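Input: a single structure, listed below in structure tokens.
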Amino acid sequence: MMAGDGLLVRVRPALGRMSRAQAEGLYEAALRHGNGHIDLTNRAALQVRGVREVVHRALIERLVALDLAQADPAREMRAPLILNPDWAEGDISASIANELIARMDELPELPAKIGFAIDAGPAPVLTDAPADFRIERGTSGGLILRADGRERGASVTAEDAVDALISLAHWFVASGGVQAGRMARHLAPLPAGEAPASPRSRASALAQAPGPFYAAPFGRVEATALLSIMEDGVQAVRLTPWRGLLLEGGNAAPDDPDDPRLSADACPGAPACPQASVATRDLAIRLAPHVPGLHVSGCAKGCARPSRAAVMLTGRSGRFDLAHNARAGAPPLRAGLSPDQILTLFGVQ
Ligand code: SF4
Numbered sequence: 003m004m005a006g007d008g009l010l011v012r013v014r015p016a017l018g019r020m021s022r023a024q025a026e027g028l029y030e031a032a033l034r035h036g037n038g039h040i041d042l043t044n045r046a047a048l049q050v051r052g053v054r055e056v057v058h059r060a061l062i063e064r065l066v067a068l069d070l071a072q073a074d075p076a077r078e079m080r081a082p083l084i085l086n087p088d089w090a091e092g093d094i095s096a097s098i099a100n101e102l103i104a105r106m107d108e109l110p111e112l113p114a115k116i117g118f119a120i121d122a123g124p125a126p127v128l129t130d131a132p133a134d135f136r137i138e139r140g141t142s143g144g145l146i147l148r149a150d151g152r153e154r155g156a157s158v159t160a161e162d163a164v165d166a167l168i169s170l171a172h173w174f175v176a177s178g179g180v181q182a183g184r185m186a187r188h189l190a191p192l193p194a195g196e197a198p199a200s201p202r203s204r205a206s207a208l209a210q211a212p213g214p215f216y217a218a219p220f221g222r223v224e225a226t227a228l229l230s231i232m233e234d235g236v237q238a239v240r241l242t243p244w245r246g247l248l249l250e251g252g253n254a255a256p257d258d259p260d261d262p263r264l265s266a267d268a269c270p271g272a273p274a275c276p277q278a279s280v281a282t283r284d285l286a287i288r289l290a291p292h293v294p295g296l297h298v299s300g301c302a303k304g305c306a307r308p309s310r311a312a313v314m315l316t317g318r319s320g321r322f323d324l325a326h327n328a329r330a331g332a333p334p335l336r337a338g339l340s341p342d343q344i345l346t347l348f349g350v351q
């Protein structure tokens, strides 16, 4: 799709994992064909930024050669899949995900935003990640298949989970879900079933993962930085929906997945975006530990977060407008604030 800095190419590696060769190939392609910026999405995908139209085809061919994209665009558009980041080769999450990938053709045509979470670790950890259909642990310790927006799900086993998931996707279409667009907005009744187990923390899941967590504030990483990180013994890279990567085999000290800077939103702002009249990310980094629910936007377009934020700062004519529980560009509570005035307002030294 076209973005302010050129084409944006989304990459969804199988099981959210890239071998070292794939990761290095992708980073090099992002430098060669894009502007070297890579975004991590909350659906555990990558976005190569700043791709010029003239090299778009060459980038796609390189991704297909790396086995990071499907040659058939129709297959590429199939539903996104997120796994609990501490999955292991041959465990229940990996087995279910591999079976689902092999049977993708059995799914009906689904709206573009519909996605799946395979979260079959000891307890759910992807509860906050966007997914319309989830396989996770229930209160009994067994697996359940739960539709987003429903508090309970149907009991399934590792063997029949994919059958049940495919049936649920067909039910979604047959019962009018396509018109609703997302499962959470589709109100057709489903049997009650079993509640999910209490979620576990991100930190506890990452403690079981095969490498350190590498945090990417605002979900942005640079291909050059990633290439140098790979030299630190990294054998493979896993994507997470938490604005960070798992570096399998890496030796670096892990970053904190609950670092408040990872929950703040800020678009690239000035000078990266021509629409922006203010710099955004330096201010967001300073405010984030003190201001929960922060969104700093370079202009009223609000690219970094379309939904409301508890504290909304929108750039306008070189200054910021402040609003609460609002989207970018909402009528301000205070208008024309400088960064220093904002820091003082929130008690940040
Ligand atoms: S919100 Fe405005 S300034 Fe920020 S990236 Fe989007 S268009 Fe650019």
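Per our numbering, the sequence shown starts with residue 3, numbered consecutively. Heads up, the beta-carbon is just placed ideally off N, CA and C, and yes, glycines get one too. None of these values were measured; they are calculated from a predicted model.
*Going by Cα to Cα distance, which pick from Leu289, Pro212, Leu264, Ala47 is closest to Ala254?*
Pro212
*Please find out if some non-hydrogen atom of ligand 1 comes closer than 7 Å to the beta-carbon of Pro219.*
No, Cβ of Pro219 sits at least 7 Å from all heavy atoms of ligand 1.
*Can you list, in chain order, the residues of its chain whose CB lies under 8 Å from that of Gly178, leaving out five sequence neighbours each side?*
Only His188, Ala190 meet the Cβ criterion.
*Report the three-state DSSP secondary structure of Ala76 (helix, strand or coil).*
helix
*Throw me the rounded Cβ distance for the Ile137 and Ile116 pair, which I believe falls under 8 Å.*
Not quite, the Cβ-Cβ distance comes to about 15 Å (not below 8 Å), so this is no contact.
*Close Cβ partners of Ile168 (< 7 Å) along its chain, the five nearest in sequence each way excluded*: Arg105, Glu108, Leu109
*Among the residues of its own chain, which have a CB less than 7 Å from the CB of Met232, if the five just before and after it don't count?*
Arg22, Ala25, Glu26
*When burial is assigned at 16 or more other CB atoms within 10 Å of the CB, is Arg4 buried or exposed?*
The sequence shown places Met at residue 4, rather than the Arg named in the question. When all chains shown are included, Met4 counts as exposed.
*Return the chain-ordered list of same chain residues with a C-beta closer than 7 Å to the C-beta of Ser319, the five sequence neighbours on each side being excluded.*
If the five residues before and after Ser319 are omitted, its C-beta is found closer than 7 Å to the C-beta atoms of Ser279, all from its own chain and listed in chain order.
*Around ligand 1, Cβ to any heavy atom closer than 5 Å, ordered along the chain*: Cys269, Cys275, Gln277, Ala278, Ser299, Gly300, Cys301, Lys303, Cys305
*Contact between the region 190-199 and the region 139-153: three or more CB pairs below 8 Å?*
Result yes; three or more Cβ-Cβ pairs closer than 8 Å.
*Are the CB atoms of Thr2 and Ala197 nearer to each other than 8 Å?*
Coverage of the chain is limited to positions 3 through 351, which leaves residue 2 absent and any answer about it impossible.
*In the DSSP assignment, find the beta strand (DSSP E) that holds Ser177 and state where it starts and stops.*
Ser177 -> no beta strand (DSSP E), and no H or E assigned at all.
*Taking only runs of the beta strand (DSSP E) that begin and end inside the region 299-343, which ones reach a length of at least 3 residues, in chain order?*
311-318, 321-328, 336-339
*Measure from the alpha carbon of Glu250 to the alpha carbon of each residue in Val236, Asp258, Leu241, Pro259, then state which is nearest.*
Val236
*Selection from Gly36, Leu85, Pro276 that minimises the alpha carbon distance to Leu61*: Shortest Cα-Cα distance from Leu61 to any of Gly36, Leu85, Pro276 involves Gly36.
*Indicate whether Pro214 and Gly271 have their beta-carbon atoms separated by less than 8 Å.*
One thing to note: Pro214 has its Cβ no nearer than 8 Å to the Cβ of Gly271.
*Could you tell me which of Cys305, Pro113, Leu296 sits nearest to Asp41, measuring between CA atoms?*
Its Cα nearest to that of Asp41, the residue Cys305 stands out among Cys305, Pro113, Leu296.
*In whole angstroms, what separates the C-alpha of Phe118 from that of Leu170?*
Distance between the alpha carbons of Phe118 and Leu170 is about 12 Å.
_Check whether the region 216-234 and the region 27-34 touch, using three or more Cβ-Cβ pairs below 8 Å as the test._
yes
_For the structure I just gave you, are there three or more beta carbon pairs, one from the region 257-264 and one from the region 61-75, closer than 8 Å?_
Using a Cβ-Cβ distance cut-off of 8 Å, the region 257-264 and the region 61-75 are not in contact, since fewer than three pairs of beta carbons, one from each stretch, lie closer than that value.
*Would you say Ala46 and Thr242 are within 8 Å of each other, going by their C-beta atoms?*
Thr242 is positioned such that its CB atom lies closer than 8 Å to that of Ala46.
*asked:* I need the DSSP call for Arg136, collapsed to helix, strand or coil.
replied: In the structure shown, Arg136 falls within a strand segment according to DSSP collapsed to helix, strand and coil.
*Please confirm whether Leu296 and Ala311 have their CB atoms less than 8 Å apart.*
yes
*How many Å lie between Arg51 and Cys275 at the Cα?*
13 Å
*Which of helix, strand or coil does DSSP assign to Pro294?*
coil
*Helix, strand or coil at Phe220 according to DSSP, with G and I counted as helix*: helix
*Pairwise C-alpha distance: Arg240 and Ala99*: 15 Å
*Starting from Met232 and walking both ways along the alpha helix (DSSP H), at which residues does that stretch end?*
Annotation for Met232: the continuous alpha helix (DSSP H) segment containing it runs 225-232.
*Close beta carbons around Glu153, own chain, < 7 Å, minus the five adjacent residues each side*: Ala197.
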